[in-house]
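Trainee:
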Amino acid sequence: MTDSTTDPALSSFLDVDADHPFPIQNLPYGVFTPPNTTVPRVGVAIGDHVLDLALLNEEGAFDTLNLRNVRPFAQPSLNEFMALGAEAWAAVREQIQTLLRADTDELRDDASLRERALWPREDVALHLPVEVGDYTDFYSSKQHATNVGTMFRGAENALKDNWVHLPVGYHGRASSVILSGQDVRRPCGQTRPDDDAPPVFGPSKLLDFELETGFFVGDGNALGTSIPIDTADEHIFGMVLVNDWSARDIQGWEYDPLGPFLGKSFATTISPWVVPMAALEPFRTAGPTQEPEPLDYLQAEGDAAYDITLEVDLQTPSMAEPHTICRSNTKHLYWTMRQQLAHHTINGCNARPGDLMASGTISGPTEDSYGSMLELSWRGENPVALPGDETRSFLEDGDRVVLRGYAQGDGYRVGFGPAEGTVLPATCT
Ligand code: CA
57 MTDSTTDPAL
67 SSFLDVDADH
77 PFPIQNLPYG
87 VFTPPNTTVP
97 RVGVAIGDHV
107 LDLALLNEEG
117 AFDTLNLRNV
127 RPFAQPSLNE
137 FMALGAEAWA
147 AVREQIQTLL
157 RADTDELRDD
167 ASLRERALWP
177 REDVALHLPV
187 EVGDYTDFYS
197 SKQHATNVGT
207 MFRGAENALK
217 DNWVHLPVGY
227 HGRASSVILS
237 GQDVRRPCGQ
247 TRPDDDAPPV
257 FGPSKLLDFE
267 LETGFFVGDG
277 NALGTSIPID
287 TADEHIFGMV
297 LVNDWSARDI
307 QGWEYDPLGP
317 FLGKSFATTI
327 SPWVVPMAAL
337 EPFRTAGPTQ
347 EPEPLDYLQA
357 EGDAAYDITL
367 EVDLQTPSMA
377 EPHTICRSNT
387 KHLYWTMRQQ
397 LAHHTINGCN
407 ARPGDLMASG
417 TISGPTEDSY
427 GSMLELSWRG
437 ENPVALPGDE
447 TRSFLEDGDR
457 VVLRGYAQGD
467 GYRVGFGPAE
477 GTVLPATCT
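Set out below in structure tokens:
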């Protein structure tokens with residue numbers, strides 16, 4: 057169901073190149089502070105500018121939607137806006153787009169309003185866009201689950217029996233979800249490098265990235281109720297890129313029998329702009345065939361996978377520029393976001409505005425589409441070759457990892473800002 061807000065013919069009075077991530081068809085939401093104040097607020101990215109929605113609301117731009125008293129944009133996070141629900145999101149998006157269109161004059165011809173509401177991106181500070189209440193990480197790429205299972209259990213037992221029947225996931229740590237650009241300290245912890253010797257304490261030696269996307273829950277559900285799969289899409293506000301940093305050696309020793317813990321909870325990087333699902337509607341596509349057929353509560357009509365091109369760049373301290381080490385796509389995911397949300401709430405668990413649900417590592421069918429160093433180097437057996445005769449099996453101090461993503465439209469791109477971070481040395485004292 058593609059609405060008029062994704063019409064390829066739309067253009068803004070602001071110049072936006074055809075390969076720019078933030079054309080008028082995208083309009084992703086973020087939280088920023090303009091240079092003339094210290095008060096963060098909600099904005100929208102348009103080309104190389106950021107539009108101040110809090111100021112526009114004060115000026116009456118959303119009065120037809122009765123938002124002046126609600127003040128959902130004069131907030132340090134998107135949570136209040138997300139809680140308003142899908143009808144409000146659609147109405148706000150349409151109004152923002154009307155203001156930015158080349159053929160409307162309300163903002164285009166008002167120099168005073170433009171000066172107060174439109175900021176060059178380079179002049180503003182970006183913040184974590186959402187106050188993340190709960191963070192859940194799924195494991196929804198069949199190729200990734202198969203790769204990891206093959207490495208640790210052999211090809212015959214790669215997938216556990218449950219994997220094709222439900223979207224496997226675990227509860228992650230919300231407090232360490234950080235904004236792109238923030239450095240990541242190599243974690244310290246307990247590992248057991250020698251199975252015949254006692255465990256040791258020290259810096260993780262097997263630090264990894266995980267290429268993922270994530271979605272934010274908008275309005276949630278009451279405790280004791282569930283979100284049916286047929287209406288799950290209405291509860292999904294938008295998507296970001298997610299790097300679910302992982303310490304494989306800490307994880308490998310600690311995870312039995314309750315699962316990931318300190319090997320995962322030290323940092324999770326997200327991209328700064330939340331791309332609304334409305335902007336991604338034209339990029340729905342059929343996902344992999346689900347066989348065996350899922351139980352009824354996980355079945356719905358229509359395409360629910362998304363065609364979003366993903367890349368991972370790695371830059372070591374000796375490299376002049378980043379090098380692409382992985383090319384993947386969200387359409388490789390076996391379980392869909394609506395299946396994840398329906399499954400998450402089927403037991404009566406309440407999802408809340410701002411909850412982050414990540415896909416799990418997105419690995420494609422080819423070796424250059426694997427979404428982690430663990431898979432790209434196959435546990436270190438085949439180190440990844442980099443320019444300048446360098447190789448990497450896992451991440452070393454000073455390495456910079458950049459996740460990128462975009463959906464290619466007809467003459468325009470719906471892009472995600474990068475999700476990047478640099479590894480700092482451990483301080484295990
Ligand atoms: Ca993960």
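For reference, each letter of the sequence shown is one residue, going 57 to 485 in the numbering used here. Ideal placement from N, C-alpha and C gives every residue a C-beta, glycine not left out.
1. Comparing C-alpha positions only, which one of 168, 104, 411, 358 sits nearest to residue 133?
2. Within 10 angstroms of its Cβ, does residue 483 collect 16 or more other Cβ (buried), or is it exposed?
3. Using beta-carbon positions only, say whether residue 395 and residue 284 come within less than 8 Å of one another.
4. Run the Cβ filter for me: residues under 5 Å from any heavy atom of ligand 1, listed in the order they occur in the chain.
5. Could you pull the DSSP bridge partners for residue 302 from this structure?
6. Taking a contact to mean a Cβ-Cβ separation below 8 Å, would you say residue 229 touches residue 264 in this structure?
7. What is the residue span of the beta strand (DSSP E) that residue 385 lies within?
8. Decide if the segment 174-184 is in contact with the segment 397-410; the criterion is three or more beta carbon pairs, one per stretch, under 8 Å apart.
9. Count the CB pairs spanning the segment 96-115 and the segment 128-144 that are closer than 8 Å, and state whether there are at least three.
10. Out of 371, 288, 115, which has the shortest C-alpha to C-alpha gap to residue 358?
11. Can you give the beta carbon distance from residue 328 to residue 267, rounded, assuming they're within the 8 Å contact cut?
12. What distance in whole Å lies between the Cβ atoms of residue 226 and residue 33, which are believed to be in contact at a cut-off of 8 Å?
13. Quick check on residue 246: buried or exposed, where buried means 16 or more other Cβ atoms within 10 Å of its Cβ?
14. Taking all protein chains shown into account, decide if residue 447 is buried (16 or more other Cβ within 10 angstroms of its Cβ) or exposed.
15. Please report the Cβ distance between residue 341 and residue 361, rounded to the nearest whole angstrom; I am assuming they are in contact, meaning their Cβ atoms lie under 8 Å.
16. What three-state label does DSSP hand residue 177 in the structure shown?
17. Provide the residue(s) that pair with residue 101 in DSSP beta bridges, ordered along the chain.
18. Is there contact between the segment 57-74 and the segment 331-346, where contact requires at least three CB pairs shorter than 8 Å?
19. Using only alpha-carbon positions, find the residue among 188, 390, 189, 152 that is nearest to residue 174.
20. Out of 467, 414, 440, which one is the CA nearest neighbour of residue 425?
21. Identify whether residue 374 lies in helix, strand or coil by the three-state DSSP scheme.
22. Cutting at 7 Å between CB atoms, please list the residues of its own chain near residue 136, excluding the five before and the five after it.
23. With distances taken between CB atoms, is the gap from residue 240 to residue 301 smaller than 8 Å?
24. Which residue from 256, 186, 231 puts its Cα closest to that of residue 306?
25. Express the C-alpha separation of residue 478 and residue 405 in angstroms, rounding to a whole number.
26. Answer with buried or exposed for residue 57, where buried requires no fewer than 16 other C-beta atoms within 10 angstroms of its C-beta.
27. Measuring CA to CA, which of 272, 200, 243, 237 is closest to residue 385?
28. Helix, strand or coil: how does DSSP classify residue 308 here?
29. Spell out the partners DSSP gives residue 272 in its beta bridges.
30. Could you tell me which of 107, 138, 121, 219 sits nearest to residue 164, measuring between CA atoms?
31. Hey, out of 429, 334, 481, 455, whose CA is closest to residue 377's CA?
32. Note down the Cα distance separating residue 77 from residue 474, rounded to an integer number of angstroms.
33. In the DSSP assignment, the alpha helix (DSSP H) including residue 80 goes from what residue to what residue?
34. How is the beta strand (DSSP E) around residue 394 delimited, first residue to last?
35. Which of the three DSSP states, helix, strand or coil, is assigned to residue 422?
Mentor: With the structure as the only source:
1. 411
2. exposed
3. no
4. 193, 266, 300
5. 264
6. no
7. 379-385
8. no
9. yes
10. 288
11. The Cβ separation is near 17 Å, so there is no contact.
12. Nothing about residue 33 can be read from this structure; the chain reaches only from 57 to 485.
13. exposed
14. exposed
15. 5 Å
16. helix
17. 106
18. yes
19. 152
20. 440
21. coil
22. 128
23. yes
24. 256
25. 35 Å
26. Note that residue 57 has pLDDT 45, beneath the 50 cutoff, so the model's placement of it is unreliable and the number below is only indicative. Classification of residue 57: exposed, given that the 10 Å Cβ count is below 16.
27. 200
28. helix
29. 294, 412
30. 107
31. 455
32. 10 Å
33. Run containing residue 80: none; DSSP gives neither H nor E here.
34. Premise fails: residue 394 lies in the alpha helix (DSSP H), 393-401, not in any beta strand (DSSP E).
35. coil
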